[in-house]
Amino acid sequence: MTAEVHVCRYCDSPIPDPDDAVLVSHEGGNSGPGWNIWAHRAHADLVEPDPAAVRILARVLLVRATRP
Ligand SMILES: [Zn+2]
Numbered sequence: 047m048t049a050e051v052h053v054c055r056y057c058d059s060p061i062p063d064p065d066d067a068v069l070v071s072h073e074g075g076n077s078g079p080g081w082n083i084w085a086h087r088a089h090a091d092l093v094e095p096d097p098a099a100v101r102i103l104a105r106v107l108l109v110r111a112t113r114p
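Everything in the sequence shown is counted per my numbering, starting at 47 for the first residue and increasing by one.
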């Protein structure tokens, strides 16, 4: 059995040291439990939110703001 190696969301590099991996978020899957998003400890603060989710949220807020 091999240990799971996480991949950094920020730099797309593997994170071989488990102590250096930081769980930054969780993405839900359309079917199934979804998956965890990891980053290097040094990159955890640099990971931006999912752009698709941000775009959808921005549209919702725009419609709400412009509705009479
Ligand atoms: Zn990284």
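All C-beta atoms, glycine included, are put in the ideal place defined by N, C-alpha and C.
Residue burial classification, residue i (beta-carbon count within 10 angstroms, cutoff 16)
| i | result |
| --- | --- |
| residue 12 | What is shown of the chain runs 47 to 114, which leaves residue 12 out entirely. |
| residue 55 | buried |
| residue 102 | exposed |
| residue 81 | exposed |
| residue 67 | buried |
Run of the beta strand (DSSP E) containing residue i, from where it starts to where it stops
| i | result |
| --- | --- |
| residue 69 | 67-73 |
| residue 85 | 81-86 |
DSSP beta-bridge partners of residue i
| i | result |
| --- | --- |
| residue 60 | 53 |
Span of the alpha helix (DSSP H) around residue i
| i | result |
| --- | --- |
| residue 104 | 97-112 |
Whole-angstrom C-beta distance between residue j and residue i, which should lie under 8 angstroms
| i | j | result |
| --- | --- | --- |
| residue 96 | residue 73 | 7 angstroms |
| residue 70 | residue 93 | 5 angstroms |
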